[in-house]
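So in this note's numbering the end of the sequence shown lands on 163, straight run, no missing numbers.
This report refers to the structure that appears directly beneath it.
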Amino acid sequence: MGRQCTVCAHKDLEEINKLLLCSDSYRNLARQFGLSKDALARHKESHIPTELLKSNDIQEIAKADVLMAQLEEIREKTLSLLDKAEKAADTRVYGAPVAYLREVREQIKLLAELEGRLAAQPQITIINNPQWIELRTLIIAALESYPEAREAVINAIRG
């Protein structure tokens, strides 16, 4: 059995989730709540979208709606700052536009995950994996003496 997420077990989970969605720095949050930066990053990547998408409880859904609204508000502010940064002659005033672009991209990605349009976990294709190719070859070779079984396995592998 895997270890429990230290962030999920934290008494201030709701506040931490809000701050993570607001793109507060991991360093500041880690210091504020006595957690590690890595634990916060793992939690944001793995648990926030899952928690929000799989929630059946009305209160949890309401919290998810609030978090979504906050994220959308932050995205709008970031887009506004990006627009100002692009128009500013002096990048020292608003910073480099590329920083805002990165932030907008991350916010869009998180929003897509929360809305279920993007998988939070990567999908792995094993069809070209060397270990799979070797295993498939061994299985088919082992069934050489059993042509019907061999054909059935080949058809099953092909889908």
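The beta carbon of each residue, even a glycine, is placed where N, CA and C say it ideally should be.
Q. In whole angstroms, what is the alpha-carbon distance linking Gly99 and Glu76?
A. 22 Å
Q. Are the beta-carbon atoms belonging to Ile78 and Leu44 less than 9 Å from one another?
A. no
Q | Three-way DSSP call (helix, strand, coil) for Ile52 in this model | A | helix
Q. Where does the unbroken alpha helix (DSSP H) through Ala145 begin, and where does it stop?
A. Pro134 to Ala146
(Q) Could you compute how far the alpha carbon of Gln74 sits from the alpha carbon of Val108? (A) 14 Å
Q | Burial state of Ile128 (16 or more Cβ within 10 Å) | A | Around the C-beta of Ile128, fewer than 16 other C-beta atoms lie within 10 Å, and the residue is accordingly described as exposed.
Q.
Quick check on Tyr150: does DSSP put it in helix, strand or coil?
A. coil
Q: With DSSP collapsed to three states, give me the class of Ile158.
A: helix
(Q) If distances are taken between C-alpha atoms only, which option among Leu39, Gly38, Asn32 and Leu25 comes closest to Lys48? (A) Leu25
**Q.** Every unbroken alpha helix (DSSP H) inside the segment 14–48 [4 residues or more]
**A.** 17–25 and 30–37
Q: Within the same chain, show all residues whose beta-carbon is closer than 7 Å to that of Lys41, passing over the 5 residues directly before and after it, in chain order.
A: Excluding residues within five positions, the ones whose Cβ falls inside 7 Å are Tyr30, Arg31 and Ala34.
(Q) Is it buried or exposed, Ile131, if we count other Cβ atoms within 10 angstroms and call 16 or more buried? (A) exposed
**Q.** CA nearest to the CA of His176, picked from Glu80, Phe37, Leu17 and Thr82
**A.** Nothing can be reported for residue 176, as the shown portion of the chain is limited to 5 through 163.
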